[in-house]
Amino acid sequence: MPPLYSASVPVFRHYLAQVAGMVEKAGAEGMAAQIADGFTVAQHFSTAAALAMRTVYPLAGLEIPDLPQALAPRMAVARAHLGAMKAADFAGAEERIIQHRAGFADLEQTGAEYLHLFGMPNFFFHLTMGYAALRQAGVELGKADFDGLHWYPSDFRFDR
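Quick note, the sequence shown lines up with residues 884 to 1043 if you use my numbering.
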């Protein structure tokens, strides 16, 4: 299995599923939360979904599909697109040259650089900022809500 496929598609699908759970817990009012003057939670999560597509499709040498604007359909469509991708699509992705923009910077990176230095860090930045804004707004979320792996009893607290 090509390493950039296994390092991207299953990871993005997993974490976008976690976003759906966080959105459900937060409700519609939580989607407007933000830290300082940053994006709202909805904008962060929407951007994370777009970044998943913006990352894997060029790695596979494919055109990036359009996503719906509304958050719930956007997440569902992104996960469906990711689920339809095949490992074989990623043959040669490590060395494929990806030309793209990061803000106002024009970049050219190998597929490996693109995934590890741009795609993944930016995806997790927006995912984490959305999570942090929800926590700041008082939504009861824990590490398990973020990664789907951890478990702690409801009364557990770390000693400070």
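Note that CB positions come from ideal geometry on N, CA and C, so glycine has one too.
Contact between L950 and R957 is confirmed by a C-beta separation of about 5 Å, below the 8 Å threshold. Pairing A976 with L1032 gives a Cβ-Cβ distance that is not under 7 Å. Taking a cut-off of 8 Å on C-beta distances, the segment 989-1005 touches the segment 927-942, as three or more cross pairs fall below it. Secondary structure of D1028 (DSSP, three-state): helix. When rounded, the separation of the alpha-carbon atoms in L990 and F973 is 21 Å.
Between the C-alpha atoms of A903 and T993 there is a straight-line separation of about 31 Å.
At least 7 Å separates the beta-carbon of I918 from that of M936.
Per DSSP, reduced to three states, the secondary structure at L945 is coil, with no helix or strand assignment. Rounded to whole angstroms, the separation of the alpha carbons of H927 and H1009 is 5 Å.
Across the structure, W1034 and A1027 are spaced so that their CA atoms are roughly 6 Å apart.
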